[in-house]
Structure formats: C-alpha cells, structure tokens
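First comes the structure, then the notes that go with it.
Protein chains: 2
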Amino acid sequence: MPGAHRAAGPHRPHPSSPEEPPAPEDQDLLLAAAYVSDAQYNRNVPFETSPQAVRLYHFYNHWTVRAATYFFIWVDLALALFEEPALFPLPFLATSIAEVLCLTAFFGRLVHFAKVTPQMVFWKDTKNICIMVTIVLTLIDLITYGSLEAVNIHGVRWSRALRPVFLINFPESRQIRRAFRSIRNTLPDILYVFLLFIFSVLMFSLMALKLFGDRGLKTVEGLPYFTNILDIAFELYVLVTTANSPDVMMPAYEFNWWYSLYFITYIIINTYIFMSVFLAVVYNNYRKHLKNEIRTLAYLKRHKMIAAFNILKVKVGTEFVVKEAQWRQLAKIVAPDISSSHLELLLRISDEGQKGYVDKKNFLRLADLLNIQVVTINIKRHPLEAWMPRVYQSSPSLLVQRMVRHRIFVWVYDVIILINAIFIALDEKNPLISYAEWLFLSLYILEILLKLYTYEPRAYFGRKQFWNWFDMLIIIAALVATVANTTIQSARKYNSQQILDIVLILRILRLLRVIVSIQRFRVIVTTLINIGPTMLTFGGLVLVVYYVFAVIGMEVFHGKVRFFDPSSTSPDALVCGNPALKDSAFARGRYCRNNFNDLAASLVLLTELTVVNQWHILADGFALVTHQAAKLYFVGFHVVVVILIVNIFIAFILEAFFVAYSLEKSEVETAIERKIQELGVGVQEEEVQDGKLIDNVDAKDSGLSGDDGDNKRKALKGLYFRIASKKYKTVDALLQQMFESEIAPEDEGPSLEEILNFSPSDIHPKNPSFENSA
Amino acid sequence: MPGAHRAAGPHRPHPSSPEEPPAPEDQDLLLAAAYVSDAQYNRNVPFETSPQAVRLYHFYNHWTVRAATYFFIWVDLALALFEEPALFPLPFLATSIAEVLCLTAFFGRLVHFAKVTPQMVFWKDTKNICIMVTIVLTLIDLITYGSLEAVNIHGVRWSRALRPVFLINFPESRQIRRAFRSIRNTLPDILYVFLLFIFSVLMFSLMALKLFGDRGLKTVEGLPYFTNILDIAFELYVLVTTANSPDVMMPAYEFNWWYSLYFITYIIINTYIFMSVFLAVVYNNYRKHLKNEIRTLAYLKRHKMIAAFNILKVKVGTEFVVKEAQWRQLAKIVAPDISSSHLELLLRISDEGQKGYVDKKNFLRLADLLNIQVVTINIKRHPLEAWMPRVYQSSPSLLVQRMVRHRIFVWVYDVIILINAIFIALDEKNPLISYAEWLFLSLYILEILLKLYTYEPRAYFGRKQFWNWFDMLIIIAALVATVANTTIQSARKYNSQQILDIVLILRILRLLRVIVSIQRFRVIVTTLINIGPTMLTFGGLVLVVYYVFAVIGMEVFHGKVRFFDPSSTSPDALVCGNPALKDSAFARGRYCRNNFNDLAASLVLLTELTVVNQWHILADGFALVTHQAAKLYFVGFHVVVVILIVNIFIAFILEAFFVAYSLEKSEVETAIERKIQELGVGVQEEEVQDGKLIDNVDAKDSGLSGDDGDNKRKALKGLYFRIASKKYKTVDALLQQMFESEIAPEDEGPSLEEILNFSPSDIHPKNPSFENSA
C-alpha cells in the first residue's frame, strides 16, 4: 500500500529550505495533496507514489475527466433509445459506431487507472475485471450481430443488458455499488425467509385446490375457479401483492362465509407478516452494512491523513508539525477555488497559537475542515446605495425597505398566491381570468424587484438560499413562457400545447411558496429535500435494474402487443393488434399502450409493475401473447424490485429520518463556529433565513469598525462567515461524523489491511444496550 | 402512595417469633405478596394497605375474577351478532337484558377496584371515569332506543360503538392501551406530515384538472376523464394507495407519452416518499414510547420490590434481611403452584451462603426469579421400564429405541410426509389414493407410539415441547375426523362438508413438520411463533377499531346492498338488489357479498379495505347507494387503519426482529443457570430439543449417584432443571431485561411521583452515538 512506503516521513532532501516555500510542483506536496483530497472525498483508490503516477492521479480525479466518463456512460445507456426496437430509429452502423466510441473511452479510463495504481492492486480489483470482460463481450456481440445482420439473420443483442455494468463499476458510483453490495449480503438471509414464504404459499395452494377445486365454482369471468395447482399458486402469489384482492376470494366467499377465513389467514400470514419480515431482514442488513462501510471509510480517511502528515512533517522542538507555508500550499492544491479569506480562517483554526505551524492533531482535521461549507459573505453595501446614496437612504426609500422586511409583506403575498390558486381552479376560458393571470404575474415580479431593492442581491441569491432561487426561477420561467405563448398565439392564432402545459405547471408550483412560509412545514420539506441527493443513488440503482429488465423485455415481448391511436377504428385496436388477447382483462382494461415496443414504453411499464396494482393483468396479457412461462419474468421483477429494492428504499428513508432526529453538530464544525464567533465575524443562520441578513450584518459591521485594536479582526474585515446549514447534510455524512467523534484523536486506527477486511459482524454490538435496541 | 406509608418497615409486632413461622394470614406477608406479585406481572395498580383492602386486592387479581371480566367483555362485544342487523337475530329484550347484565358486571368490577384503591387515586384515573361514563351513556341509549321502539320509531343504537371502551380500559389490557397511547402521541407529528401530504395531493389535483380537464379524454368506461376537482382529488388519493394504478393513468398516457411523467412523479412523491415518511414517523414515536413505558415499568417494579422488602425486613447484624421462613411463605403466596423443588432451587440462588436469610439485593430479584420459567424435569424411568423392566431392556426393545432416536428415523418420516403431500395433490376420487390416506395415518400413529415407547412420556409432552404437542394434536384430530366422516358416510351415504374440510386442512398442516425438521427454518418459525402473543395485542387493537367502524357502517349502509344466492336468477341479483348500482364496477365485479348487513360481513369487508386493493370500487359502490359523502367513511378508515395501525404493526415487527437479533441472556437467568450447573442438576436445552433428553439425563444421573458426599445434591436428586427457552420471550420482556441490566442493583430509582411522570423526551439520548443511530 502506498502510504506504508512513505510512512517514515520525507526521506528525500527538500528542494528548498523551509523558509523559502517550495515550488508548487514539489512532488511531496502533490503526493500529500492526493492523500488529503482522497480523504476529503472519501475516495478509496490506492495509487503509486512515483512522481509521474501522482500527477496522473490528480488528472484522473480532475472533474473534466470524470464528467467525460459520465457523459460516455449515459451515451452508452441512451443507445437503447435508438436501437431496434427504437423510439427514434437509427441505422445499426450509427449506433454501433457510437457504442465502440464509448467502449474506447471506458477502456482509456481503465488504462489511465492502471497507470496510477500498483499492478497487484489493479488486478485484484473485481471492478476492473468486470469492465474489461464487459468490453470484450460487447465487442463480440456487436461483431456477431453485425455479421448476422449482413446475411439477414436477426440476432439477439444480449450484451445490451450488460451496459449498466459500466455505471456500477466506475469508482465514482460508490453509493450504487454499496446498495448492490447490501443486496448481495442480504441475499442469504432473505433466501431462507423466501423459501419459507414459498413453502407457505404452496401449502395454501394445496389447501385451496382441495377446498375449492371440486366445488364447481366460477370466477366473475365465468372461468373455473381454483382447479389447477399452478394457477392457484400464481393467484395466491398475486394475492400477496394484494393486486387481486378481493376478487380472488369472492367466489369462495359467496359460496360460504367461512371460506373468507381461509383468505384472511392467508393475507395475515403471507401479506402482512412475511412482507414485514422481508422488510425487517433487509433493513437489518442495510444498517449493518451501512455501519461497516462508514467505519471503513472513517478509518481510511484517518489513515490517509496520517500518510499525508508523515510526508510533510518537520520536527519543531519535540513534536512533528507541518509548516504554515506548506500547509497553505497543500490546501491550495487540494481546493484550488478556496478564497483567501476562507483559507485564512481555516489556518486560524488549525494553528490556534499562531505559532507558524500546524500540529498533527489539527492537521488530521484538514479534510473535514475543507469539507465544511463555510459561506463567505462579503459585506458590501447595496449597489444602489453605493450608486446613489441620497435616494436610497431617503425616507420614502427607507419606508419601502421597512415594508418589504415586515412580516405582513410575506402574509400579503401568501394571500395573493391563494387568490391566484382559486383563479387557476376557475375556468380559464373567461377572458377576465386570463387577464387576471397577467396581474398576478406582475405582482410576483414586483415582489422580486422590491426584494432586490431591499436586500443586497448577492446575499439574496446566496448559494444556499434555495427558496429565493426557486421563486425567481419559477417567475422568470412563467414570464418567458407566457410571453412566448402570447407571441405564438397572436402570430399563428393557436396555442402551443407544450408551452401552455409548462406555464400551468409553473403557476401551480408557485403554491409551494405558501407551504414554505409556514415554519412547521418548512422543516419537513427541508428534510425531504435533504434526502434528495441520496435518493438519486436509488435512482441509479433502480435505473440499473430497470434497464436490464427493459432490455430483456424488449427482446422477448417486442411487437407482441401493439398500440393503436385512440381514434383508430380498426377492430385490431380492441385486441391490441393480437388476437390472442381477445376477451382478456388486458384488452378490456385498454392496456395496449403498456408494451415493450421501445425503451420509454418499457420503463413506464416497469414502473407500473413496481407500483404492483394490476400487475397480474399485465403478466397475464403478455403470457397470452407468448407463453405461460412469461409470467416468470413478471414474478422475477416483483421479487427483485418490490421485495428487495423498494424495501431498501424504505429502509433508507427510515434511517435518514432516524439520523435526522438525532442530529447534532460535529466537533469540527463546533470548532470552526467557535473560531468564527471568537473573531467576531459570525452570522447566525436563523438571521439569514429570516431575510434579516443585511440588517444584522450592517449592525455588526458598525460594531466592528469601532474596535480597531484587534488586528485579527482587521485582517478579516468586511467578510462574514457562517457554517452552511447542517440540514443539507446527507445521512452518510452525519453517520460518519458520529463515528469519528467516537474515535479518539490519537487513535491511529487498525492497519490498512485490517480496515479493508472489516466485516459487518465485527461491529455487531457485544453488549446490546437498551438505547440502541429500542 | 401505599408503599411510602410502610417504608419504615414492620412497625407492628409480629404475631409470632421468627422461629415459629407466622400464620399465612399474616397481613404483612399478604401486603408484601401483593407488591411482589404486582412487580412480577408488571401491574401498576396502587392499592390501600389496610388488611381488608389487601385481601380484596388479592381477590381482585385472582384469575377467576379476571376471567369473568373478560367473559363479560366478550359477551358485550358479541351482542352485535344478535342485534339488528343481526347474523343470528334475537329479540331486543334478550340482547338488552344481556347488555344490562354485562354493564352490572363491569360496574361491580369497578366498585371492587374502588374498594382497594385510595379514593384520590381512583378518581384521578381517566380509565375509571371512562368506564363509568360509558356505562351511563349505554344505559341512556338502551332506554331511549327501547322507548322509541315501543312506539315503533326506529332509533340509532349509537352506544354500541362505545363497547370497545370496556376492552381498552380495564387494567388488564395494558398492551392495547399502550398501542392507543402510542397512536395518540404520534398524532401531532403525523398531522403536519398529513397536511403536507393533502396539500401535495390537492396541488397535483389542480394540475391534473388543468392538464387533462379540457382534453375531452374518456376513461375506459367511457366517462369524462379528470373534469371535476373533487373527483380528481379522490382518484389521486386512491392512487396513493395504488388501488387504481395504472388505470387512472391510461387515458392520459394514451394521449401523450409525456403525461406518464406526471403520474410517475406523483407516485414517487406521494406513494413512496410520503408513505415511507408516515412509517418513519410512526416507527420513531413507537420506539420512543416503548422505551418510556419500559423504563417506567422497570422502575415501578424496583419500587414495589423495595416496598415489599421494607415490610418484611428484620435486622441481622448490620444489614436488613428477610428471614428464610418468611421468604418461603411469601413465595408460596405469590406463586401458589410452585413445586417445592423449584422453590428450593430459588432459595439456594437467593440465599447463596445458606445463612438462613435473604439479603436485600437478592430479595429484589424475587419477582424476576419467579418469572423465569424453570422447567422441572422429574427424572423418572420410563413407565414401561418400571412395569416390565426385562422386556423394555431386552435387545429387540433396545434396538427399537436406538432406531427411533436415530436421525434417519426423522428423515424417513420427512420422506413419508412428502409422499403424502404428492398423494394429497393427486385426485382424491381414486379409491387407491383414499386408501393410501389410511396407510399414512397409521404410519403417523405408529411414529407417535414408537416415540412414546422410547422417550419418557412426561418429558416428551413437556410444557415447552411445542412441536411434539403439535404433531400429536394434528394426528389425533385427523384420526377422529376421518373416523367420524367414514361413520357418517357409511351411515348416511353422504360426506359432511365441514368434516371433510377439517380433515383436509389437518392433512396439509402435517407438511409443516418437514419445515420444522430443517434447522434454518425452525429458527425463523420459532421467531414468528414467539412474536405471536404480542401480535394478539394487535389483534385487540384492530378489533377495537374494526368494531367501531363496523357498528357505524352497519348503521349507515345496512340493507343498501343485498346479496343474492349465486344460483338466483332474479334480475336484482345483478345489481345487488339496488338499481343505483346498475353498470357500476361494484356490481360488475360481483361484490354484492361485500356489505354491511351483519357484523360478520362487515368485518370481512373491513379486512378487504385494510388490504386496500379495489377499495375505491367498494367506496364508489356504497357512495352510489347512499351519497357521495359516504366516501369519507372509507377514506377515514384508510387513514386510521392503513396509515396508523398497519404502520404500527410493521414498526412492531421490525422492532421485534431487531431485538431478537441482539438477544442475550439476562443477568438473573445467568445466575439461575450458574446455580443449576453448580448443583449439577442442569440439562442443556439443545439436548432436549434434539430428543436426546433421556439419554443425557441418565448419564448425568449415574454420574451423580457416585458422588454422595454432597447433601445439596441429594436434596435435589432425581430432579433436573433447565431454563425455558429464551426464544419464547416477548419483545417487552427482552427490552425490560436490557434496561434493568443497566440500572445498578443499589439504584433505588427516582421517586414514584417522578416515575409516573416520565415523558418520552426525557430519554431521548443526549449524545446520539454511532451504534444507536445506524
């Protein structure tokens, strides 16, 4: 492992003396920076320590290269839109050239990675092997398919189902990989419960066959009821998903009241208890593995920071430290965009005694310090004040500003929005109402203008002022769309449907504003928005599974069901173009649009299957047009997506809420805040949220000006900081914080080998305590 | 509080000297016993300490009186079966006399309670007030209804909805009350999320109205699609429950692919995210309140045990202790059925040094000691061995015994059961197969006989040998039912349907045996069975809610929908006897049997509503026959049962599994086990489970016989003990154990006043730690 080779400290002579700061190209600094930025972003990529490799490694992690990789991954996945069965057909040659291009890019990325990683590590990593095998398989498939196509034989493009491998296996997709790992680790536990569950379904099926088979009962469609064990097993499996309740029970229930008890027992045991047990098993494993990963990450971070320290350390007195100059350069390499005032603040925190060097304990916090979003607020006057101070400070102008800052201003606009909502609900055909819409729009624009007049614009559109941005964007978009629509209307005498739809949605989204102005609701909404980013991980996970199922579905069911325009009078339209569907519930429900004829339709269909309701009708329909075995595809999808993935999603939401409930500031954050307060450059978060920012800052500013004795304050004058809201933290970050606060600062952690081999069972608490069990 | 008055210790002179054990009527002993048995059963009933009251209190807690109370509660609830609309109609006079009888019993119970409880405490308890008010209201209702009926005016029996109050408010139903308290405490948190959720549904409804309202789209039934905001809101609420997916989306989706995104967004936000948030909020509150209750219970227990100790303590040397004789008598009063050997064992554990008295620390454990089920195994020879030792010990007999004990014996029977399953699945009409059933039955009986021959019968049918009992009962029941059926068949030449059904179910239940013989499955099944008793609490909770809704439903919807026999040819049968249902999905789905015409039908209907699927069709049907506002009843039911109760159920299962995962032996259990092992009278649980009990006991027995020097062992000779499986513990017990192991033995806990005012927020961990957050 690279860190180990350098652990003895800087063994090469420094190119320059400590007083003369070394050139930024200095290899040691670059290597240390690589470690620190790895620690900062929780990366886990071992790299060679040769100068060449470190430079390449920095390039490997550069955002442009990573963005390019993602671009190619998405292009590769999107190809399914253009290949047969296509939404937008393109010739095979075009898509195959695009695919080869993507493969080349992936291969290049892999070669790049191989160059920076020690040989042994590279070949031991299954991720790399996976990518290589997939590239080779895809090429083979492309060639075979192309040659077959050339002689007019239609082959199967099976390698398309492998495309998500690229999304999963690049080091950037750690979250998705973790979810998959969590699923894989849960499988043995789930398997036994699943077998028991299947056994229970089969036992009930046998009972149903014996109880109802010979009764001569008929379903509502007039078909024989519960006469074939396989059909019964399928019906009862569907009942677990509740999709055919209560229809499946009605014939027996009509025959005899007592038979309803059979179904109620079945539902209690299989739908309620077993499904909850699945959730419990998935959730328990999710927690266990989450904890394990967090622990591994935390120790790896510590390990890398120690490696970086050992490279840069010099001996001062009895202890090893890092010189201020080197520390500055390191921070600049790791975070090139950091403002000098922010850097100054971090240095003040790290070098508390102003001794000109940073000790080990403070150095180890560097990655965390860089991770904490400190919002730098430049205290500047309102541009209008600078431009024409007399007018801006005049009494009418001050009155306007006081008005805008008043609570009543918010309330008035809440009332306006509600009136607007009523107008929207009313009929739009009335010209008066469509004129009213213009009135509302101008009122909203007036509001934004007034606010910009009152508040300093850069503070108003600060990076974390989510709702201000939201307001602004909604209104501007609505304005643009309305104007565009009016132009089109007057020019061509017809409304563009798309634009009208967008205008409508924008208008209604404005209603969200009312919710946000109520404190209780804002908290919930913020928590939900906070969960958002991690939910995108689940988006990735779901996308991977959907993509694989969609590709398989398109190969198997493509063209079997056709959708006719609703206005079509063709008799085929009633049976979705397939006579096998005559009299089926599928055709009766007008489900023809639910088909596998292109990627978009397939994804919508898979979403419907995830929602579960009526999935048996869809499964039956596709079984009718192909073969009864097609139901296995649908059952398989249910097991994978609903039993595993939806449960992991629920586990994730539960965990996120529980962590949010026990939310606390981290030690490092507290240290920064204390320092900010000490330096007198702090701004309370609440003040900013209430829109009183400028007032307070102004007040503090004048306070400061009177206190010139302190040169520290002078250095930072005109700048204010605050810790960005902790509400926007992810669950991972919060958990890692908690874990880190439990490792002693002196603790160097286990060896790297041990860290990488942590297993979830290690951290199973030896003494389950009351607090953590209930 | 009573304990406080007596805390100074026994201030009355003892009626007899410590050597002469006091008479069992001794007031102090009775009072102490009341405290100990309260602590043992986690009761929380303050009582007067006067001799009269204590005696009455023991009577109040006597099982016969409690059973009688339950009997009357059930009779009262069951009255709904006999009242209009009745399953088994009885005249109003009969049901009202029964009801008055029940009310008298409840009143009597209340008076009894008032006699033993201090006045102030009695009147401060809302439970008692609730019961009194309900009794009075019920009487008023009975009189009004009776008088109106007398002049032929049909009134509403509204007080019937209050009947579950009795079930909830008697002190015995603590678990149900806790569930209700948990719901009540969750309400404020849930409310805000719910309002936000409703706001979101309304916003989407408005959007849907604007997007789809003017398109002229038609649903599959040919009705206008999304044109009325109220209908849209209802449809979208139904979509949250997934019951009308994907039908509700199809018209828009057919019109334009992009509109599917609207529905997918809606489902992600409202179905997945909001429903998970509801679960998270309910679960979080459930945990918090569970912990609080457990803590209260644990401290109350400690408090009561200290009160009991203070009553009985005498000074020996420097410390207060309880004399052995008094301890024995106390234990005998608290647990009259305890065997003398068991008592001896407990005394050995409590009085470790054999000093003739029990010190405070050990005395406080008495309630726990009594709670631990120690199975006393009388090591007796097999009766046959005693009766005819020569034959039983002969080599053919020993061979048979060895055979039965062999693993292969189990496997052979597993195979037989599987073959039996295949035969069951085959057609029963074949006479060969119905003869085979006799063969299987005799094989099973042979198995049981062989086992009884090999194992000591009392050990084989030990209290905790669940599966042996299960086997035996299934086989005997099958035998009886089969014989009964054959008799009826040969006598009357026709099969009794009920008996045949029972035989069938019994036969198929036998298959469970195969599962249980596989270790991995047995663990899961045992956990599920373990959860069983607490699940009954939920049964109680569900019953209460169902009962209230059923009574309301019967008053509102009674007779509106009628069920005709499937063979009926009446044209009314097609519209469930109500022309308003013509062409409705309700009638088309043949849902006539789902009605509120009697209690049984109502309960089945409510179960269907709980399962959710198709509930909108039921709601629509009943809205058609009454009024659109009837839908509120169904939406209300959904909110209460699915959003609150089902989520609490899931929370409970999750919690039960997590606690089971971190399961550990309690300190007290360990102490008992150590003592049992020390005395050499232990039997490993696994040995018993594997059916090797007798072998091992024999071996140990002979080992013991050679060691006659130890008189302790002699005293207990011929007896073996083991701790009953901890797998059969409830979640509550496990959690309480964990909490207690965290209170120091010296800790006397907070004052009674403080204990009773614990609030969940007190125990919110001040320092959330990594272990308990993830």
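These protein sequence lines map, in sequence, to chains R and S.
Per the numbering used here, the very first residue in the first sequence carries number 487; after that it's consecutive.
Per the numbering used here, the very first residue in the second sequence carries number 487; after that it's consecutive.
Even for Gly, the Cβ is constructed at its ideal location relative to N, Cα and C.
Residue i, buried or exposed, once every other Cβ within 10 Å from all chains shown has been counted against 16
i: S/PRO732; result: buried
i: S/HIS640; result: exposed
i: S/ARG1076; result: buried
i: R/PHE545; result: exposed
i: S/MET874; result: exposed
i: S/VAL734; result: buried
i: S/ASP700; result: exposed
i: R/LEU673; result: exposed
i: R/ALA872; result: exposed
i: R/THR603; result: buried
Any C-beta of chain R under 7 Å from that of residue i
i: S/MET736; result: yes
i: S/TYR1264; result: There is simply no residue 1264 of chain S to check, as chain S begins at 487 and stops at 1260 in what is shown.
i: S/ALA520; result: no
i: S/VAL1090; result: yes
i: S/THR782; result: no
i: S/SER997; result: Here residue 997 of chain S is Leu; the residue named in the question, Ser, does not match the sequence. It does; some Cβ of chain R falls within 7 Å.
i: S/VAL724; result: no
Helix, strand or coil at residue i according to DSSP, with G and I counted as helix
i: R/VAL651; result: helix
i: S/MET874; result: coil
i: R/MET606; result: helix
i: S/THR1023; result: helix
i: R/ASN1253; result: Summary for R/ASN1253: the model assigns pLDDT 44, below 50, so the residue's position carries little reliability, and this model does not support an answer.
i: S/PHE909; result: helix
i: R/GLN513; result: helix
i: R/CYS1062; result: coil
i: S/PHE1082; result: coil
i: S/LYS1068; result: coil
i: S/PRO1298; result: The structure shown does not extend to residue 1298 of chain S, since chain S spans only 487 to 1260, so no value can be given for it.
i: R/PHE947; result: coil
Residues sharing a beta bridge with residue i, DSSP
i: S/TYR843; result: S/LYS809
i: R/VAL802; result: R/GLU805
i: S/LYS704; result: S/PRO710
Minimum Cβ-Cβ distance from residue i to chain S less than 7 Å
i: R/GLU1240; result: no
i: R/ILE994; result: yes
i: R/ALA911; result: yes
i: R/PRO571; result: no
i: R/TYR711; result: no
Item to check | Residues in the stretch 1068–1081 of chain S having any Cβ partner in chain R nearer than 9 Å | outcome: For the stretch 1068–1081 of chain S, which is checked against every Cβ of chain R, the residues closer than 9 Å are ARG1074, GLY1075, ARG1076, TYR1077, CYS1078, ARG1079 and ASN1080.
Checklist entry - Which residues, taken in chain order from the stretch 1109–1136 of chain R, show a beta carbon closer than 9 Å to some beta carbon of chain S? => result Result list: VAL1132, PHE1135 and ILE1136.
Item to check | Residues of the stretch 1096–1110 of chain S with Cβ closer than 8 Å to any Cβ of chain R, in chain order | outcome: VAL1097, VAL1098, ASN1099 and GLN1100
Next on the checklist: Residues of the stretch 1039–1071 of chain S in Cβ contact with chain R at a cutoff of 7 Å, in chain order, please.
Outcome noted: PRO1052
Next on the checklist: To be precise: take each residue of the stretch 743–764 of chain R, compare its Cβ to all Cβ atoms of chain S, and keep it if any distance is under 8 Å. Which residues remain?
Outcome noted: Answer set for the stretch 743–764 of chain R: TRP743, SER746, ILE750, ILE753, THR757, TYR758, ILE759, SER762 and VAL763.
Checklist entry - Between the stretch 958–987 of chain S and chain R, which residues of the former have a C-beta closer than 8 Å to a C-beta of the latter? => result ASP987
Item to check | Residues of the stretch 539–558 of chain S with Cβ closer than 7 Å to any Cβ of chain R, in chain order | outcome: Residues of the stretch 539–558 of chain S with a C-beta less than 7 Å from any C-beta of chain R: none at all.
Item to check | Contact list for the stretch 671–686 of chain S against chain R, Cβ threshold 8 Å | outcome: TYR678, VAL679, LEU681, LEU682 and PHE685
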